[in-house]
Structure formats: C-alpha cells, structure tokens
Amino acid sequence: MRAFAELGARSHFSLLHGASSPHELVATAKAYGPAGLGICDRNSLAGVVRAHVAAKEIGLPFVVGARLQLLDGAEYLVWPSDRAAYGRLTRLLSEARMAAPKGEGPITQEQMRAAAEGWLMAAVPPMEPEAAFAEQLARDAAVLRDRLALPLFLAASSIFRDDGQRIDRLAAMGQG
Numbered sequence: 002m003r004a005f006a007e008l009g010a011r012s013h014f015s016l017l018h019g020a021s022s023p024h025e026l027v028a029t030a031k032a033y034g035p036a037g038l039g040i041c042d043r044n045s046l047a048g049v050v051r052a053h054v055a056a057k058e059i060g061l062p063f064v065v066g067a068r069l070q071l072l073d074g075a076e077y078l079v080w081p082s083d084r085a086a087y088g089r090l091t092r093l094l095s096e097a098r099m100a101a102p103k104g105e106g107p108i109t110q111e112q113m114r115a116a117a118e119g120w121l122m123a124a125v126p127p128m129e130p131e132a133a134f135a136e137q138l139a140r141d142a143a144v145l146r147d148r149l150a151l152p153l154f155l156a157a158s159s160i161f162r163d164d165g166q167r168i169d170r171l172a173a174m175g176q177g
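As structure tokens, this is what we get:
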C-alpha cells in the first residue's frame, strides 16, 4: 500500500467548504493512517496553528499551507518552503483582507505571482477541466518557473465520478 498524505484539507475556517475543526482533522488523520496532514484553508492560515500543535502532540507530520482562491476563479494550494516564503504568504493574505470588505480577501494573479518566491504550489483543477484550464496551467507554470521552490504541481484527486478519464485528462494537461 502506498503512503498517502492529505495536503489540502480544509477546516471549518473555510466557511461553507470545511466542517471539522483542525484538531478533529488531525485526530482523524491519525486514526485512519495518512502519512501526514496539511491544512489549506481558503485565503487563510486560520487553522494551521491549532492543527500544528495537535499534530505535534501525537507525532503526525504536518504541513502549513493555504488555498488561494483568486479573483479570476483560479485556485491554488500553497505551501511555503521556508520562513521567508511563509512571511510572503502571510503578507499577501493580510494585505488582501485589509483591502476588502469583511469576510472577503480577493487576490489577483499579479499579487499571487509577486509573492510566490519559495512556495510549493499546486493548481487545483475545476471539476470538469477544459482547454481554458490547460492554457492557464501552462501560462502559470511558465511564469512561476523561476519563483517557486519546485515546478508547479497539479492537484488531482478522486471525485468518484468517472475518475479514470478525469485523472488521465489532468495528467495530459500536466504534461503539456
């Protein structure tokens, strides 16, 4: 059996998208055996401190991250590779929140790209990825190539509807 780590979990700090507390996510991960856990809440790091503390207490590897949802609809999972990259992520999130009405934190492609140095990133595909997503993925990979700690990844996950064909389509997009 392959080791698996859920690196893009959403806690209840991702309103309307996550239901469990960071502590519950850590406990569930430990009970069901993933090799590690990463919480990526929507345009926020709100759940990572509680999850990190809980994971450390039980010896579960933990990865700090965020799920960036941009104004143009693009979505990325982001994991800072060092303290400086973490600082750029927190600055991006804070500045976006301060410039927006409460509960919103719009981020543009330009803001994300400017802050991305030293990040590990995965583009999150839409449920039905089309040619426009493949084009955006290729543009992002080219623009971010020199800024990221590693090449841009593609976050592919099972949705239990025609997964084989969907994953094959995503794999082809990721190669192109």
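Residues 2 to 177, numbered by the numbering used here, are exactly what the sequence shown covers, in order.
Where is the CB? At the ideal position from N, CA and C, for every residue including glycine.
Can you give the beta carbon distance from residue i to residue j, rounded, assuming they're within the 8 Å contact cut?
i, j, result
"residue 9", "residue 94", "With a Cβ gap of about 16 Å, residue 9 and residue 94 do not count as contacting."
"residue 1", "residue 27", "Nothing in the structure corresponds to residue 1, since the chain is present only between 2 and 177."
"residue 116", "residue 140", "No, residue 116 and residue 140 are not in contact; Cβ-Cβ is about 17 Å, not under 8 Å."
Indicate whether residue i and residue j have their beta-carbon atoms separated by less than 8 Å.
i, j, result
"residue 125", "residue 173", "no"
"residue 112", "residue 97", "yes"
"residue 46", "residue 82", "no"
"residue 153", "residue 145", "yes"
"residue 171", "residue 130", "yes"
"residue 32", "residue 7", "no"
"residue 108", "residue 61", "no"
Looking only at its chain, what residues have a beta carbon closer than 6 Å to the beta carbon of residue i, apart from the 5 residues adjacent to it on each side?
i, result
"residue 118", "148"
"residue 53", "63"
Please identify the residue among the options whose C-alpha is closest to the C-alpha of residue i.
i, options, result
"residue 21", "48, 159, 36 and 59", "48"
"residue 11", "61, 175, 68 and 5", "68"
"residue 40", "34, 101, 115 and 24", "24"
"residue 50", "161, 167, 14 and 34", "14"
"residue 87", "99, 65 and 103", "65"
What does a CB cutoff of less than 7 Å around residue i pick up in its chain, not counting 5 residues either side in sequence?
i, result
"residue 70", "43, 44 and 76"
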